[in-house]
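Below is one structure, written out as C-alpha cells, with a few remarks after it.
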Amino acid sequence: MKKVLPLIICILALIFTSCTKKKSEKLYPVLKYTDNDASYVFINKDNEVKIDKHYDDVLKAFEGDYAVVIENGKVSIINREGEDVLSGIENVYQIKDGLVTVKNKDKTELIDLKTKDVLMTYDYILIGENKIFSYLDGDKWGYRNLDGEKTLAPQFEEAYPFGKNAGVAVKDGKAVIIDGDMNVKETNYTESYKINDETILAREGNRQLLLDLNGEVVNPEVKGDLTEVYGGMYTVFDRKNGELVKKVYTLKGEPVSDEVFTDVRLLGNGFFAANNGELFALYSEKDGRVTDFKYDFLSAESFDVNGGFVMGVSNGVGEILDKNGNLKKTVGENIDSIMKDENLIITSDYGKITYFDQDGNVIEKSPKINPVGTVKMLIDEKDGKNYLFIVSKDTNEKLNASLKSIADRITTEKNVTYDYRLEGDILYATLKAHDKNYPFMVDIYTGEVVDAKAIFIDEAAMKSIVDQKKTEENMQGDVELVCFSFENELKMVLRSDKEYFVDIPRVEIEKYLDLTGGEFFKSLLAPKINK
Numbered sequence: 039m040k041k042v043l044p045l046i047i048c049i050l051a052l053i054f055t056s057c058t059k060k061k062s063e064k065l066y067p068v069l070k071y072t073d074n075d076a077s078y079v080f081i082n083k084d085n086e087v088k089i090d091k092h093y094d095d096v097l098k099a100f101e102g103d104y105a106v107v108i109e110n111g112k113v114s115i116i117n118r119e120g121e122d123v124l125s126g127i128e129n130v131y132q133i134k135d136g137l138v139t140v141k142n143k144d145k146t147e148l149i150d151l152k153t154k155d156v157l158m159t160y161d162y163i164l165i166g167e168n169k170i171f172s173y174l175d176g177d178k179w180g181y182r183n184l185d186g187e188k189t190l191a192p193q194f195e196e197a198y199p200f201g202k203n204a205g206v207a208v209k210d211g212k213a214v215i216i217d218g219d220m221n222v223k224e225t226n227y228t229e230s231y232k233i234n235d236e237t238i239l240a241r242e243g244n245r246q247l248l249l250d251l252n253g254e255v256v257n258p259e260v261k262g263d264l265t266e267v268y269g270g271m272y273t274v275f276d277r278k279n280g281e282l283v284k285k286v287y288t289l290k291g292e293p294v295s296d297e298v299f300t301d302v303r304l305l306g307n308g309f310f311a312a313n314n315g316e317l318f319a320l321y322s323e324k325d326g327r328v329t330d331f332k333y334d335f336l337s338a339e340s341f342d343v344n345g346g347f348v349m350g351v352s353n354g355v356g357e358i359l360d361k362n363g364n365l366k367k368t369v370g371e372n373i374d375s376i377m378k379d380e381n382l383i384i385t386s387d388y389g390k391i392t393y394f395d396q397d398g399n400v401i402e403k404s405p406k407i408n409p410v411g412t413v414k415m416l417i418d419e420k421d422g423k424n425y426l427f428i429v430s431k432d433t434n435e436k437l438n439a440s441l442k443s444i445a446d447r448i449t450t451e452k453n454v455t456y457d458y459r460l461e462g463d464i465l466y467a468t469l470k471a472h473d474k475n476y477p478f479m480v481d482i483y484t485g486e487v488v489d490a491k492a493i494f495i496d497e498a499a500m501k502s503i504v505d506q507k508k509t510e511e512n513m514q515g516d517v518e519l520v521c522f523s524f525e526n527e528l529k530m531v532l533r534s535d536k537e538y539f540v541d542i543p544r545v546e547i548e549k550y551l552d553l554t555g556g557e558f559f560k561s562l563l564a565p566k567i568n569k
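If you count the sequence shown from 1, you need to add 38 to reach our numbering.
Below is the structure:
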C-alpha cells in the first residue's frame with residue numbers, strides 16, 4: 039500500500055525549513071480546483087504565481103531548491119523554475135545537500151540532483167550530516183562517505199543517520215558510538231536510541247539512561263516511559279492516583295515543574311506547552327506558566343526563524359505570542375492550527391489553508407486536499423455543512439452517511455466539524471465537538487469503523503486488557519477496545535456506549551501486539567512501534 043505524506047504536513051512543516059545558505063525566494067503550494075478537477079501551482083509571498091504547471095499533487099513542498107510533485111500520475115522532482123530534474127520515480131525518500139535517495143525496484147539509489155549520476159546503490163541509504171551515509175547491505179548496516187575514504191563495512195544490526203558530531207549504531211546487541219574518522223567506541227548499553235546530536239537514550243538492565251555522544255552518563259536513571267526529548271528537556275508518562283499523566287524534566291533528571299499534565303509538547307529554547315486536561319498553556323523553564331490555559335494548539339516549530347514567537351489557537355482564533363506570552367497579533371477565525379515563517383502567517387481549518395502577510399491581510403486561500411495515489415479527497419461545504427468528496431471514487435454518499443451515523447453515536451451535538459487524513463483505504467477522522475475531540479478510523483469503501491480487533495494476536499490478549507482497564511476505571515456495561523492513529527502515533531482506548539476512556543500507553547500493549555504482522559499493520563496502524 040503506497041503511503042503518501044499528507045499535504046498539510048508538507049505545508050505546515052517542510053516549507054518552514056531554511057532553504058539554502060544563499061537566500062532563496064520561498065514558494066508555497068496552492069490548490070486550485072473546479073467541480074471536476076484539482077491541481078497545484080506555486081506562489082511567492084506576494085501571491086505571484088511562479089510555477090504554473092498545475093500538478094496533481096505536492097508530496098514534498100520546496101526544501102531548498104527542490105520539491106516532489108505528481109504530474110500526469112508520475113512522481114517527479116522539480117526545481118524552482120518548475121523544470122523536471124528527475125521524473126518517473128517510484129518513490130522519494132530524502133532530499134538533502136543536493137542529493138536524493140529514491141526507490142528503484144527493491145533497491146535504494148543515491149543520486150546527485152545536478153548531474154543526475156547514481157552515486158551508490160544499496161538495500162537502503164540514509165543521508166547523514168557531513169555527507170556521511172549509513173547504508174543497509176543485506177541484513178547489516180555500514181557507514182561511508184561519497185568517495186569511500188571514510189568507511190565502516192556492514193556490521194551493525196541498527197544504524198542511525200550520522201549527525202554533526204557522531205553516529206550511533208548497534209553491534210552484537212550493544213550500543214556503539216562512531217566519530218567522524220569512523221573510530222568505533224563500544225559500550226555495555228542495549229537498546230540505544232540516538233535522540234539528537236547531543237543525546238542518546240540507552241538501557242542497562244531495567245534502567246533507562248541518557249548519555250552524551252562521548253558515552254558519558256548525563257542522567258543515570260530516567261523514571262517512567264520516556265516520550266519526548268527536545269531543547270534540553272524530556273517528558274515521561276507516569277501515574278498519579280491511577281491516572282496517566284506527563285512530567286517534565288531537564289536532561290539531568292531535575293523536575294522542571296512540580297505540576298503534572300495530561301499532555302506536554304516541548305517547544306525548544308526552554309519552553310513547553312502543557313495541557314491541564316482541557317486546554318494548553320505556555321510554560322517557561324525559567325519562569326513557569328506564562329499564559330492562562332486557553333489554547334487548543336500551541337507550537338513553535340520555527341522558534342529560531344520566528345525570533346522566539348510562539349503560535350497558538352484560542353477559541354478558533356490564531357494568536358502569535360512572544361516568549362513572555364504577550365499577544366502580538368491575531369489572525370483568522372474557526373482555525374485549528376497556525377504557523378509563521380519570515381514571510382507569511384499560515385493557518386489551517388477543516389477545509390482550507392489560508393496565507394496571511396505579516397500585517398494579517400489575507401494573501402491567498404487554498405482548499406485542503408489529502409491525496410493518495412490517484413484518489414483525491416476534497417473537503418468543502420454543501421448546504422452549509424462539511425462534506426467529504428472522494429474524487430473519481432463512487433463512495434461519497436455512502437461515506438458521508440457513515441460519518442454522520444458515527445457522529446450521531448458519539449455525540450448529540452449538531453454543529454460538529456472534522457479533521458481528515460486519508461491513507462490508502464483508511465480515513466483517519468477526528469470529530470471536533472465543543473467538549474472534546476473524538477478520533478476514529480473508517481474504511482472508505484465499506485464505511486465501517488476500523489477497530490483494534492484485527493491487530494491482536496488473539497482474543498484472549500485483547501480481553502485481558504479490556505478486563506484489566508475496566509476494573510481499574512470502574513467502568514460499567516459493555517466495553518470494547520478501539521484503535522486509531524493520531525499524528526502518526528498508535529492510540530488505543532476503551533469505549534463504553536458513546537464515551538471514550540483510558541488512552542492506553544504503548545508500552546503496556548506492546549507485548550500483546552503482533553509485531554511481525556503484515557505490511558498493512560506495520561506501515562499504517564503502528565509505524566512507531568514497528569520502526
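In this text, a Cβ means the ideal position worked out from N, Cα and C, and glycines have one as well.
- Counting only residues of its own chain and dropping the five nearest sequence neighbours on each side, G120 has a CB closer than 7 Å to the CB of I89 and K91.
- For K152, the closest C-alpha among the options M158, I163 and D135 is that of D135.
- Proximity to K98 across F171, M377, F80 and Q246 peaks at F80, based on C-alpha coordinates.
- If you look at G306, you'll find it in the beta strand (DSSP E) that goes D301 to G306.
- The residue among G102, S172, M500 and T449 with its C-alpha nearest the C-alpha of Y476 is T449.
- Under the three-state reduction of DSSP, M479 is assigned to strand.
- Assignment of beta-bridge partners to M349 by DSSP yields S337 and I358.
- For K145, the three-state secondary structure derived from DSSP is strand.
- Residue pairing by DSSP places V138 opposite I133 and I149 in a beta bridge.
- The Cβ-Cβ distance between E196 and W179 falls below 8 Å.
- Rounded to the nearest whole angstrom, the C-alpha separation of L190 and A204 is 13 Å.
- Residues V351, G354, V355, G356, T385, S386, D387 and T392 of the same chain have their beta carbon placed closer than 8 Å to that of I373, with the five preceding and five following residues left out of the count.
- L519 has its alpha-carbon roughly 8 Å from the corresponding atom of M500.
- Close CB contacts of E510 within its chain, under the 7 Å cut and outside five residues either way in sequence, are with G280 (chain order).
- Per the C-alpha coordinates, the member of L249, K278, G306 and P293 positioned closest to G269 is G306.
- Within the same chain, Cβ atoms closer than 8 Å to the Cβ of V298 are found at D276, K278, V283, K284 and K285, the five residues on either side in sequence being excluded.
- Annotation for H92: the continuous beta strand (DSSP E) segment containing it runs V87 to Y93.
- With fewer than 16 other Cβ atoms inside 10 Å of its own Cβ, P293 counts as exposed.
- Between L248 and Y227, the C-beta spacing is not below 8 Å.
- Distances from the CA of G346 to each of Y333, V369 and L320 were compared; the closest alpha carbon is that of L320.
- For M158, the uninterrupted beta strand (DSSP E) segment begins and ends at V156 to Y160.
- Counting only the Cα atoms, Y66 lies some 8 Å from F100.
- Inclusion of V130 and V107 in the CB contact set at 8 Å is not warranted, their separation being larger than that value.
- Sixteen is the threshold: when 16 or more other Cβ atoms of the shown chains lie within 10 Å of the Cβ of D95, as they do, the residue is buried.
- Beta-bridge annotation (DSSP): S386 is paired with S375 and I391.
- The beta-carbon separation of L239 and E266, rounded to 11 Å, does not stay under the 8 Å limit for a contact.
- Rounded to whole angstroms, the separation of the alpha carbons of K474 and A311 is 18 Å.
- Your pair G253 and T225 checks out as a contact, with CB atoms roughly 5 Å apart and the cut at 8 Å.
- Here the alpha carbons of F394 and S322 stand approximately 28 Å from one another.
- Beta-bridge pairing by DSSP links F80 to P67 and I89.
- Look at E292 here: in three-state DSSP terms it is coil, with no helix or strand label.
- Close CB contacts of K188 within its chain, under the 6 Å cut and outside five residues either way in sequence, are with M220 (chain order).
- V369 sits in a strand when the DSSP states are folded into three classes.
- The bridge partners DSSP lists for F318 are N313 and Y333.
- The beta carbon of V156 sits closer than 6 Å to the beta carbons of E147 and I149 from its chain, once the five residues preceding and following it are set aside; these are given in chain order.
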